[in-house]
Amino acid sequence: MSALPPQYNPKDVEEARYQWWESQGFFRADPDPKRTPYTIVIPPPNVTGILHMGHALNNTIQDILIRFARMQGRNALWVPGTDHAGIATQNVVEKALAKEGKTRQDLGREAFLKRVWEWKEQYGHTILYQLKRLGASCDWRRTRFTMDEGLSEAVLEVFVRLYEKGLIYRGNYIINWCPRCQTALADEEAPRTETQGKLYHIRYPLAEGKGHIEVATTRPETMLGDTAVAVHPKDKRYNALIGRHALLPLVNRKLPIIADEAVDREFGTGAVKVTPAHDPVDFQLGKKHRLEFLNVMTDDAKMTNVPKPYEGLDRLDCRSKLIVDLEKTGVLGAIDEHVHNVGHCYRCHTAVEPRLSPQWFVRMKPLAQPAIKAVKNGTIKFVPARWTKVYLNWMENIQDWCISRQIWWGHRLPVWYCDACRQRGRPGVIVSKTPPASCPTCKAEPLRQDEDVLDTWFSSWLWPFSTLGWPKQTKELAAFYPTDTLVTAQEIIFFWVARMIMAGYFCMKQPPFTTVSIHGTVRDITGKKMSKSLGNIIDPLEMIGRYGTDALRYTLVTATAIGQDIFLSEERFAAGRNFANKLWNATRYLLSQGPAPASVPQAQTIADRWILSRLQRTVKQVTAALEAMLFNEAASGLYDFLWHDVCDWYIEISKYVQPAEKENSRAVLAHALEVSMRLLHPFMPFVTEELWQQLRLAGSKPSIMVSAWPAPDKQLVDTKAEAQFERFKAVVTSIRTTRAELNVPSDHRTPVVWVVSKDAAIRRFFDDHKTWLQALAHVHEVAALQDVRKQRDATTAVLDGVEVVIPLGGLIDVQKETKRLQQKAAEKMNDIARTEARLNNPQFASKAPVEVIEQTRNQLAQAQETLKKLHEYLSVLQSM
RNA sequence: GGGCGAUUAGCUCAGCCGGUUAGAGCGACGGAUUUACAUUCCGUAGGUCCCUGGUUCGAAUCCAGGAUCGCCCACCA
């Protein structure tokens with residue numbers, strides 16, 4: 012066996028170890044009727060993606076769950092893959108084209124798509140390689156892509172099924188239009204952000220008679236599409252005007268003045284211009300009052316169908332020109348500063364234009380019903396539970412989903428039009444999984460396929476079953492669906508989680524998963540989201556390079572409780588690195604004395620009994636925490652046990668055990684480390700594998716990742732040993748504290764210490780363990796005495812059941828020591844007063860549970876005892 | 001306008017069902033080279049648990065109201 016180097020170097024380990032795992036097939040899972048499956052489907056990262064801290068957190072959590080389940084003996088499958096990310100990917104390739112001075116239109120649809128596929132083949136695996144560096148134990152054979160043949164088949168199947176059930180329709184509605192991407196967006200893709208704008212007041216002259224009606228708008232350019240003015244029916248100011256007409260300034264179009272409850276009397280002037288083709292509310296008004304729908308903008312937000320001076324102007328240029336012209340005409344009123352919410356494209360952040368447009372929609376209400384029920388009745392649960400409410404609130408108010416996009420990269424709609432039929436006034440719409448040769452109604456050919464593609468989420472909402480082979484009834488689908496846990500960030504609940512649940516019930520009649528684990532967003536130390544434009548990114552790959560993968564994973568997981576946002580700064584990764592190094596050196600210490608003992612450890616010394624007992628508790632605690640998905644609790648429990656219990660105390664003591672106890676002590680340490688490595692493996696897979704390989708017993712599994720999850724051994728839980736050892740620790744600590752407080756020079760070894768107790772067993776215990784005390788507390792002799800009050804020039808610490816008396820032979824500063832003890836006595840008196848007050852309260856005596864009263868009494872007795880001792884020592888000092 | 005979350009040490013955060021003297025890591029300060037680890041060890045200082053009221057024998061914890069910050073949802077043009 013080669014000796015371990017003094018420091019853990021992740022670079023020497025990670026890549027080779029990962030390749031070995033993969034080559035051994037440890038990541039693979041196949042249907043197996045004998046074992047309970049455990050399945051996770053990865054939230055497919057964008058194929059254009061590069062690993063950021065959010066991915067790192069998300070995938071670390073999934074890997075922890077998968078490795079935990081695998082070690083528990085479950086048939087653990089983690090399905091990886093990527094999303095074609097329609098708009099995002101198209102944007103990336105268009106940017107590359109722009110560098111060549113070309114547009115996608117220059118290439119044409121077919122050649123452009125070829126370009127995108129080439130790009131995907133070349134760069135689309137980047138994120139998957141990066142996931143491997145993170146240690147992700149996915150079954151890579153099952154990697155899927157949302158535009159794979161099988162997944163595309165699933166998309167068409169669902170589209171046709173929904174259409175046939177009347178759940179997909181085409182219609183002319185107001186949608187969010189991104190003028191830059193030149194496509195429709197779903198509501199969720201155009202999140203509103205608070206924007207500082209202006210509220211322009213414009214006076215519309217009345218057509219009949221004198222006077223005017225003043226309206227207010229944030230988008231003056233839309234006035235060119237106005238086809239009415241609306242007021243509230245009960246608004247006395249405008250009562251007389253209802254049914255009359257106003258004139259659109261600069262255009263002089265006659266606009267009816269209509270009355271509708273939708274108008275807010277409080278806002279602006281209480282009169283509103285109505286632009287049915289460019290505003291969702293106005294659209295409703297337009298339908299209700301049978302107004303004209305006048306679309307005044309082109310796909311790239313230039314004005315159209317408007318009077319000459321404005322025709323062809325960009326929407327914002329038009330706005331400026333209109334303001335000038337309105338001013339000249341004398342109809343421009345006040346311009347107020349106004350903060351309002353404007354939708355922005357989630358891909359390019361351009362302000363979206365609400366715009367009337369023929370698009371395809373999915374009727375969501377019927378789909379939502381079973382998805383609401385499943386969460387209400389607990390079939391699917393959110394962790395943390397508070398997201399349930401957010402989900403239900405959204406689902407109960409769900410709007411129809413605009414699924415058509417005017418881009419090229421994506422699943423093209425399986426919709427064909429028969430122009431011959433349409434000319435004769437028939438619908439002429441054919442929806443079919445395969446291209447129809449001719450029109451089934453009139454036999455005309457050729458047919459024209461719809462140009463649009465489907466929203467990216469229309470393929471990812473099928474992900475939990477499409478990746479397993481659906482619509483084919485594969486054995487994977489039968490074995491692994493429904494999946495178990497979905498791990499994702501809160502931002503994606505509406506986009507993806509909710510829709511997967513709906514699709515799951517629609518296609519499979521079963522939920523796609525049973526638990527949704529929502530983790531927080533990774534932010535920088537000031538609480539801002541990490542983003543390129545802010546320049547506050549901490550790159551996970553850089554952190555891996557600097558601190559190692561295990562350090563990255565450990566730090567992310569311990570950074571915060573699940574569901575809370577994580578505020579990250581680089582220094583935190585050092586803690587993870589240090590922990591890995593600590594484990595490394597604990598094992599190194601063990602192996603420096605020979606190979607890991609194979610013998611079954613016996614609880615010989617009190618330290619053995621203590622650490623083995625603590626180990627059982629740790630096994631129990633970590634298992635429970637993982638089952639409850641309290642990852643940070645599990646990880647910090649292991650940290651405390653390994654660093655503080657194993658390293659700070661057990662290893663230190665093991666250096667001073669009797670020669671006869673030595674070999675067994677090594678076996679105990681080896682055992683504690685070996686079990687701990689297994690517990691820690693899901694969190695820090697690399698260093699634990701490396702060390703476990705040194706510690707593993709003959710005949711065990713070849714790798715820690717396929718070894719069994721530890722089970723606690725109740726026989727080894729030893730409360731008495733724990734209490735005894737805790738007392739020992741307290742004595743050691745008190746001696747250390749006293750020495751430090753009195754500034755005893757480091758080279759001065761306190762020659763002797765008395766441990767005083769009324770309890771003979773305690774005296775004997777310290778007498779038996781004086782070697783340890785001497786070593787750990789820096790003292791030469793330890794004597795267990797019954798009474799040393801006559802000892803002068805000594806100091807004391809009074810603990811639970813024992814007193815520690817430290818003669819300091821001239822080193823003691825009587826004044827300083829008196830002050831120290833007086834202070835301690837004062838603190839004690841405070842405690843006593845507080846505790847007495849509590850006990851003297853008759854209410855407390857009559858209402859508190861007996862255990863609490865008993866406990867409080869003991870506490871008081873102890874405090875009084877301690878105080879008595881302190882006073883005795885003070886009187887000794889005074890006599891000096 | 002609704003909803004959610006946060007507020008605990010200088011910083012980042014734990015603290016389950018109410019029960020001793022509220023914890024950790026980092027940072028600060030003092031000390032240490034004794035048998036793995038200086039990516040180490042030992043020790044110390046540092047707290048109005050956001051505020052106000054309530055429930056209770058007892059509140060960081062439960063309830064009500066408020067403040068500040070953050071996020072989500074919503075058609076005030």
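Take my numbering: the final residue in the first sequence is number 891, and no numbers are missing along the way.
Note that the Cβ used here is the ideal one computed from N, Cα and C, for glycine as well.
Express the C-alpha separation of F393 and P737 in angstroms, rounding to a whole number.
Within the first sequence, the letter at position 726 stands for residue 737. Within the first sequence, the letter at position 382 stands for residue 393. Correcting the residue identity first, residue 737 is Glu in this sequence and not Pro. About 40 Å.
What is the DSSP secondary structure of Y215, counted as helix, strand or coil?
Numbered from its first residue, the first sequence carries residue 215 at position 204. Looking at Y215 - three-state DSSP - the assignment turns out to be strand.
Within the chosen definition, does the region 46-64 reach the region 474-487 through at least 3 CB pairs nearer than 8 Å?
Verdict: yes, contact present.
Going by Cα to Cα distance, which pick from W765, S603 and V630 is closest to Q83?
The residue you call residue 83 lines up with position 72 of the first sequence. Ranking W765, S603 and V630 by Cα distance to Q83 puts V630 first.
Among residues of its own chain, excluding the 5 on either side of L888, which ones have a beta-carbon nearer than 8 Å to its beta-carbon?
In the first sequence, counting from the first residue as 1, residue 888 sits at position 877. These residues qualify, in order along the chain: V825, E828, T829 and L832.
Per DSSP, what kind of secondary structure is T126 in: helix, strand or coil?
Reading the first sequence from its first residue, position 115 is the one you call residue 126. It should be noted that the sequence gives Arg, not Thr, for residue 126. If DSSP states are grouped into helix, strand and coil, R126 belongs with the helices.
Is the region 40-47 touching the region 603-619 in the sense that three or more CB pairs, one from each, lie closer than 8 Å?
Verdict: no, contact absent.
When DSSP builds the beta bridges, which residues end up paired with E189?
Residue numbering aside, residue 189 sits at position 178 when the first sequence is read from its first letter. Contrary to the premise, residue 189 reads as Cys rather than Glu in this sequence. BP columns for C189 point to T194.
Below 7 Å CB to CB, which residues in the same chain sit around F855 once its five sequence neighbours on both sides are set aside?
As a first step, residue 855 must be located in the first sequence, where it is residue number 844. Only R849 meet the Cβ criterion.
From the DSSP output, which residues share a beta bridge with Q370?
Position 359 of the first sequence, counting from 1, holds the residue named residue 370. Beta-bridge pairing links Q370 to G182.
First and last residue of the alpha helix (DSSP H) that includes V743?
By one-based count along the first sequence, residue 743 stands at place 732. Here the alpha helix (DSSP H) through V743 covers T730 to E752.
Helix, strand or coil: which one does DSSP assign to L302?
Within the first sequence, numbered from 1, the residue matching residue 302 stands at position 291. Reduced to three states, the DSSP call for L302 is coil.
Are the CB atoms of T280 and E225 within a distance shorter than 8 Å?
To locate residue 225, count along the first sequence from 1; it is residue 214. To locate residue 280, count along the first sequence from 1; it is residue 269. The answer is yes: Cβ separation under 8 Å.
Taking 8 Å as the cut-off, decide whether the C-beta atoms of N69 and A500 are in contact.
Numbered from its first residue, the first sequence carries residue 69 at position 58. Numbered from its first residue, the first sequence carries residue 500 at position 489. The answer is yes: Cβ separation under 8 Å.
CB-CB under 8 Å to V350, same chain, minus the five flanking residues each way: which ones, in chain order?
Here residue 350 refers to the residue found at position 339 of the first sequence. E205, T206, Q207 and G208.
Is it true that the CB of I664 sits closer than 8 Å to the CB of A591?
Within the first sequence, the letter at position 580 stands for residue 591. Within the first sequence, the letter at position 653 stands for residue 664. Against a cut-off of 8 Å, the Cβ pair of I664 and A591 comes out as no contact.
Under a three-way DSSP split, which group does V630 fall into?
One-based indexing of the first sequence puts residue 630 at position 619. Note: V630 maps to helix in three-state DSSP.
Excluding five sequence neighbours on each side, which residues of the same chain lie with their C-beta closer than 7 Å to the C-beta of D246?
Indexing the first sequence from 1 puts residue 246 at position 235. Same-chain partners within the cutoff: R276 and G281.
Closest to T525 by C-alpha separation, out of F304, V568, T390 and R191, would be which residue?
Sequence index remark: in the first sequence, residue 525 carries index 514 (1-based). The option with the nearest alpha carbon to T525 is T390.
Just reading off the alpha helix (DSSP H) that E6 is part of, what are its end residues?
Because the chain in this structure spans residues 12 to 891, residue 6 falls outside the shown range and cannot be described.
So what does F156 bridge to, in DSSP terms?
Reading the first sequence from its first residue, position 145 is the one you call residue 156. Its beta-bridge partners are T93.
Thinking C-alpha only, which one of I98, A455, Q35 and R423 is nearest K444?
The count along the first sequence starts at 1 and reaches residue 444 at position 433. Ranking I98, A455, Q35 and R423 by Cα distance to K444 puts R423 first.
Our contact map puts P48 next to L88 with C-beta atoms below 8 Å; I'd like the distance itself, whole angstroms only.
Sequence index remark: in the first sequence, residue 48 carries index 37 (1-based). Sequence index remark: in the first sequence, residue 88 carries index 77 (1-based). So it is a contact: roughly 7 Å between Cβ atoms.
In whole angstroms, what separates the C-alpha of M12 from that of Y600?
For this step, residue 12 is matched to residue 1 along the first sequence. For this step, residue 600 is matched to residue 589 along the first sequence. Here the model assigns M12 a pLDDT of 43, short of 50, so the residue's position is not dependable, and the following value carries that caveat. Between M12 and Y600, the C-alpha separation is close to 14 Å.
Using the C-alpha atoms, what's the distance from R510 back to Q705?
Numbered from 1 along the first sequence, position 694 holds the residue referred to as residue 705. Numbered from 1 along the first sequence, position 499 holds the residue referred to as residue 510. So the two alpha carbons sit approximately 47 Å from each other.
Hey, how far is the Cα of D461 from the Cα of V127?
For the purposes of this step, residue 461 is taken as the residue at position 450 of the first sequence. For the purposes of this step, residue 127 is taken as the residue at position 116 of the first sequence. Cα to Cα, D461 sits roughly 20 Å from V127.
In terms of residue numbering, what span does the alpha helix (DSSP H) encompassing P943 cover?
The shown model of the chain, from 12 to 891, leaves out residue 943, and the question about it has no answer.
Alpha carbon to alpha carbon, how far is G222 from G323? Give it in angstroms, no decimals.
By 1-based counting over the first sequence, the position of residue 323 is 312. By 1-based counting over the first sequence, the position of residue 222 is 211. Approximately 32 Å between the Cα atoms of the pair.
So, for Y184: in the same chain, excluding its five sequence neighbours on each side, which residues have a beta-carbon less than 8 Å away from its beta-carbon?
Reading the first sequence from its first residue, position 173 is the one you call residue 184. The residues are F294, L367, S368, Q370, F372 and C413.
In three-state terms, what does DSSP make of T467?
Translated into positions along the first sequence, residue 467 becomes position 456. Of the three classes helix, strand and coil, the one that applies to T467 here is coil, per DSSP.
Whole angstroms is fine: what's the gap from R583's alpha carbon to D159's?
The count along the first sequence starts at 1 and reaches residue 583 at position 572. The count along the first sequence starts at 1 and reaches residue 159 at position 148. Roughly 40 Å separates the two Cα atoms.
Is DSSP giving A639 helix, strand or coil here?
Residue mapping note: residue 639 aligns to position 628 of the first sequence, counting from 1. Coil, per DSSP.
From the DSSP output, which residues share a beta bridge with P267?
Counted from its first residue, the first sequence places residue 267 at position 256. Looking at the DSSP assignment, P267 forms a beta bridge with H256.
Using three-state DSSP, classify V440 as helix, strand or coil.
The residue given as residue 440 occupies position 429 in the first sequence. V440: strand per DSSP, three-state reduction.
Does the beta-carbon distance from R433 to L465 come in below 8 Å?
Within the first sequence, the letter at position 422 stands for residue 433. Within the first sequence, the letter at position 454 stands for residue 465. No, these two residues do not count as a Cβ contact at 8 Å.
Can you give the beta carbon distance from D290 to P365, rounded, assuming they're within the 8 Å contact cut?
As a position in the first sequence, residue 290 is number 279, starting the count at 1. As a position in the first sequence, residue 365 is number 354, starting the count at 1. Indeed, because the Cβ distance is near 6 Å, the residues count as touching under 8 Å.
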